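Below is one structure, written out as structure tokens, with a few remarks after it.
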Amino acid sequence: FRCFDELELIAVIKHLEAFVEKHPKIRLIMVDSVSFPFRHSGIDAARERTSALMNISTTLRRLAEDIPVVVTNHMTTKLHPVPQTVPALGDSWAHQPTTRICLSAGKPGGGEVPLSCPTGREKDPPRYAQV
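Each residue of the sequence shown is one higher than the one before, starting from 116 at the first, in the working numbering.
The following block contains the structure:
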């Protein structure tokens, strides 16, 4: 499915459970990206956006009990109080994944790339791999 706005994404996610039941050969669900439709959405109220995201998260967690679910989220830079990279959808979504894979560009020819933040908590440092 291809979703162009938050309403289409919400509708597709809502119907995914029934779709998966009708198509038992599905082995992976990939949502790329959950943040794009919401960053350009008509949902202005943070409360409504958070509610919609939590509903999406709940459905995807239920599906993940039987099928792997991969969801991408854009990152952005928060400048205050100190510059840091944060999930584009904010803190409420940042705590939803059970495993987080953080990819970033390194120096040409090599560099360190964060591999994962298993708990998704800030105090747990990501593991790194040489690329």
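From the three backbone atoms N, C-alpha and C, an ideal C-beta is built for every residue, glycine too.
Just so it is clear, the structure is predicted and the values come from calculations on it, not from any experiment.
Taking the straight line between their C-alpha atoms, what separation do you get for L131 and T174? For this step, residue 131 is matched to residue 16 along the sequence shown. For this step, residue 174 is matched to residue 59 along the sequence shown. Answer to the nearest angstrom: the Cα atoms are 8 Å apart.
Per DSSP, cross-strand counterpart(s) of T191: Locating residue 191 in the sequence shown gives position 76, where the first residue counts as 1. As computed with DSSP, T191 is found in a beta bridge with V201.
A249 versus A126: straight-line alpha-carbon distance, rounded: In the structure as shown, the chain begins at 116 and stops at 246. Residue 249 is therefore absent and cannot be evaluated.
Compare the C-alpha of S148 against each of N170, D120 and Q199 and name the closest. To locate residue 148, count along the sequence shown from 1; it is residue 33. Nearest of N170, D120 and Q199 to S148, Cα basis: D120.
I need the DSSP call for I182, collapsed to helix, strand or coil. Counting from 1 along the sequence shown, the entry for residue 182 is found at position 67. Under the three-state reduction of DSSP, I182 is assigned to coil, being neither helix nor strand.
May I have the straight-line CA-CA distance separating V184 from H195, to the nearest angstrom? Within the sequence shown, residue 184 is the residue found at index 69, counting from 1. Within the sequence shown, residue 195 is the residue found at index 80, counting from 1. Roughly 33 Å separates the two Cα atoms.
The beta strand (DSSP E) enclosing I128, as first and last residue numbers: Within the sequence shown, the letter at position 13 stands for residue 128. Where I128 is concerned, there is no enclosing beta strand (DSSP E), although the alpha helix (DSSP H) it sits in stretches over E121 to K137.
Counting C-beta neighbours from all protein chains within 10 Å, is the total for R117 16 or more, i.e. buried, or is it exposed? For the purposes of this step, residue 117 is identified with residue 2 of the sequence shown, where counting begins at 1. Around the Cβ of R117, a 10 Å sphere holds fewer than 16 other Cβ atoms; the residue is exposed.
Rounded C-alpha distance that separates T165 from L124: As a first step, residue 165 must be located in the sequence shown, where it is residue number 50. As a first step, residue 124 must be located in the sequence shown, where it is residue number 9. So the two alpha carbons sit approximately 14 Å from each other.
Please identify the residue among R176, L178, I144 and R162 whose C-alpha is closest to the C-alpha of D206. Here the question's residue 206 lines up with position 91 in the sequence shown. Closest by C-alpha distance to D206, out of R176, L178, I144 and R162, is R162.
Is I74 helix, strand or coil when you go by DSSP? Residue 74 lies beyond the range of the chain shown here (116 to 246); nothing can be said about it.
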